[in-house]
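In UniProt numbering, the protein residues as written are 1 to 935.
So this is what it looks like as structure tokens:
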């Protein structure tokens, strides 16, 4: 029986020692479960975390499918896209409580929180490959050149007029100063600017003297997002437990690995294991360093072949929702970088975490990176004292696992992932055959349904004075971007070494391909530059454009107009290849239908080839200046080359440089002004930050659950509706409801920014809900962000239809199929429907995290009973629905649904525990927390 916390003295440091429970089961717990147990003991308060939770963890083999335990992490990790709505909610809660006479300073994050501003970067400026006339390629390889390309001007040369951009033109809206431009590029101007070297002012089309691509992008980021940054600056001063990292320092997952992680935390007089819950999909990579952490549900990250092999193996093993812990002699052969790369992949096979316990290799990594000698001694002694240190030589330490899966890494072959879903692996040797099959297949998860006679379509177009051809499979976007690659130097170095060999062999990238290199941190740029490969990447067009999430969240630059026109003219299946983690159809660019995830060196290879319709094993990438075929095998760097470069370049000084940058900050951030008040001074004119309406009717009394009467379906959806369908994160379409709102605020399209950047404005995000161009709504029978307003029979934007229903006082529901809410975790995927007036979602199944978000917003997640769905119940989606919700609602209760046509059926209310029910009764977690602070 557990009666209270135990601790021991350790050189003036105290800690809770689970071994003092004197329970033999502790030493047989997997190491990740031991971290959970320590946290549960330390945080046990009898309310949120109960003594039964301790017993459930110790008895986890029997309780794993029955019990649910609360977990309090050591810290929370936010990036700005998901962090800004959280901070806006807290600021709004302060306002609501202040109106009730409560001290607003009481509203603070309960858990230490790091907020990293890294998702604001957009690729306004990029550099094309500096090259001579491209070598002709085989006609089957997608894009050919029929006449020599004009040589781009060398960087820093003047235009034909010989003049430089000297400021604002008369009558031109927006400012521009010499040698820089403060306006975001738009439309055709953006295309011209990006197509040329030297860089041009995006509006005046005059050369900007001697700019660096990265600096220009960062300047644009700061100017475009000044309002948001001022709000973050206010948050860093107004809230306790908040640490804000300004932009252009590092990406969130890189900072987590290189700076924020501690393995052992110290606070409130205790030392304890580090653990983290984050809102970035890459949070899980921290498990590779023995730090328990998880984040949003994520799509696949497609890196090296060994990682994809493990992903497939574990996916086939059916370990969804479980904790995976790696052990065995093979683990000792994996570097810390390898481990963090593997740990990052766990969302792909639907596991919660993929954990590597701390061992000698982990300690060696920390010795060279973030830990002093003194900290290492404390870390090792503490972990050994509570048996959280892994020693593979001691067989008595072997934990008991519910299942052991063995993997044979010797059978690995290179793969990519795509063209529409991250789980669809394609062997590189089968890429050409698979792409042709995709053209033939009916439109679906892989198919594009291109008729045989149209598959040979080739469309000529002009670019920089030369004529090229595009075909099905032509690569038009190639991005080596942040994410998992940066925690593993070997794959980034491999890309650089491949680029070096390609340039030396006379290969180049077609100038119309939108290439970019977005490292996760300055650390990556440091070792690419020091190793001497960065100039070769630049030569192929892979210029460092900044630090942050860019292409994978839709922040890529527009394609050249001539390329877009050619794609549309031929109805071509153009392709993007990226080393990111997201590639849902239409996300990178609405005219690029096929997107593949690949390792960084393969991204470079496909960019050189100019097409994905190629067998890289048997067909040449191109020809050199002597007319000789050059194959991928000719330029692929050996493992020995990569390892030698890594060992000699990736050194501790890089991490010291990062610490220096963190401590120094940026001049812009340090000089940025923000309010000093406890309440945020909302600007009614702001289109970035707006006080949401979640607390508009806050009262002390809690209303009993009300039945939903006479609701219309706002949408009738099918299977696998993702959070990208529900709440897009990319650019704001000019004909969307959100665009109409921004135009009413006198903003031009170039000033729209993205949905992600405007997550602090509920008016934009509500209008952006279900605004995906790929949304398939059965009420209208075609793809697009539209729905049927059933009473009038009109087809409207989803927001406009919802607005009409709310004006008439009609509640709304959503009908859906399997896996509703899959994909990246996104709070606005629940907030948006709530503000549209959605009271319940009836689906065949839900993605677990999204189900939690729905409950957290007071939306009822209701599941059809086994064997039933909308089709089997013969629902057309135009009925009115009444859902009877009892006042004494209990977890997993069956509810009766009645329709206006006389049908009646039962659904399961997916409230998993009493806390879920409490959130629903309060109208969501925000009101629940606010009411807990009312007197």
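We put the CB at the ideal spot given by N, CA and C, even for glycine.
Assuming residue 501 and residue 637 make a contact with CB atoms under 8 Å, what is their CB distance in whole Å? 7 Å
Does the contact criterion of 3 or more C-beta pairs under 8 Å hold for the region 42–55 versus the region 373–389? no
Residue 526 (DSSP reduced to helix, strand or coil): helix
Residue 580 to residue 823 span [Cα, whole Å]: 14 Å
Which residues does DSSP list as the beta-bridge partners of residue 425? 417
Check each candidate in 883, 875, 816, 924 and name the one with the smallest Cα separation from residue 852. 924
Measure the C-alpha to C-alpha separation of residue 100 and residue 696 and round it to an integer number of angstroms. 12 Å
Which same chain residues, not among the five before or five after residue 68, have their C-beta less than 7 Å away from its C-beta? Beyond the five residues adjoining it in sequence on each side, residue 68 comes within less than 7 Å, by CB distance, of 912, 913 in the same chain, given in chain order.
Pull up the DSSP beta-bridge partners for residue 909, would you. Residue 909 pairs with 862.
Buried/exposed call for residue 211, threshold 16 Cβ in 10 Å: Note on residue 211: pLDDT 42, under 50, position unreliable in the model; the coordinate value appears next. Counting Cβ neighbours within 10 Å, residue 211 comes out buried, since at least 16 surround it.
Alpha helix (DSSP H) containing residue 932: first to last residue? 925–932
Can the beta-carbon of residue 806 be found closer than 7 Å to that of residue 832? Going by C-beta atoms, residue 806 is not nearer than 7 Å to residue 832.
Verify whether the separation of the beta carbon atoms of residue 255 and residue 116 is less than 7 Å. yes
Can you tell me where the beta strand (DSSP E) with residue 944 in it begins and where it stops? Residue 944 lies beyond the residue range present for the chain, which begins at 1 and ends at 935; the question has no answer from this structure.
Over what stretch of residues does the beta strand (DSSP E) that includes residue 14 continue unbroken? 13–16
Length of the line joining the Cα atoms of residue 872 and residue 710: 22 Å
Would you kindly report the start and end of the unbroken alpha helix (DSSP H) that includes residue 267? Run containing residue 267: none in the alpha helix (DSSP H); it sits in the beta strand (DSSP E), 264–267.
Residue 870: buried (16+ other C-beta within 10 angstroms of its C-beta) or exposed? buried
Let me check understanding here. Comparing Cα to Cα, which of 878, 249, 473 lies closest to residue 458? 473
Let's test the definition: count the other Cβ atoms within 10 Å of the Cβ of residue 303 and tell me whether it reaches 16, buried, or not, exposed. Summary for residue 303: the model assigns pLDDT 30, below 50, so the residue's position carries little reliability, and this model does not support an answer.
Spatially closest choice to residue 771 from 698, 739, 751, by CA coordinates: 739
Do you know offhand how far residue 326's Cα is from residue 693's? 46 Å
One question on the structure: do residue 241 and residue 73 come within less than 7 Å of each other, judged by their Cβ atoms? no
Reducing DSSP to helix, strand and coil, say where residue 105 ends up. DSSP places residue 105 in helix when its eight states are reduced to three.
Bounding residues of the alpha helix (DSSP H) (the contiguous stretch that carries residue 537): 534–539
Please give me, in chain order, every unbroken run of the beta strand (DSSP E) with length at least 3 that falls completely inside the region 657–713. none
Who does residue 638 pair with in a DSSP beta bridge? According to DSSP, residue 638 bridges with nothing at all.
Per-residue DSSP class, three states only, for residue 559: coil
Looking at the strands, I want to know which residues DSSP matches up with residue 458. 471
Would you list the one or two residues that DSSP bridges to residue 325? 355
Under a three-way DSSP split, which group does residue 789 fall into? strand
Under a three-way DSSP split, which group does residue 430 fall into? Reduced to three states, the DSSP call for residue 430 is helix.
Within 10 angstroms of the Cβ of residue 48, are there 16 or more other Cβ atoms? Answer buried if so, exposed if not. Per the 10 Å Cβ criterion, exposed.
Helix, strand or coil at residue 597 according to DSSP, with G and I counted as helix: strand
Secondary structure at residue 940, three-state DSSP: helix, strand or coil? Lying before the first or after the last residue shown, residue 940 is absent from the chain, which here runs from 1 to 935.
Three-state secondary structure assigned by DSSP to residue 449: Shown here, residue 449 sits in coil according to DSSP, grouped into three states, outside any helix or strand.
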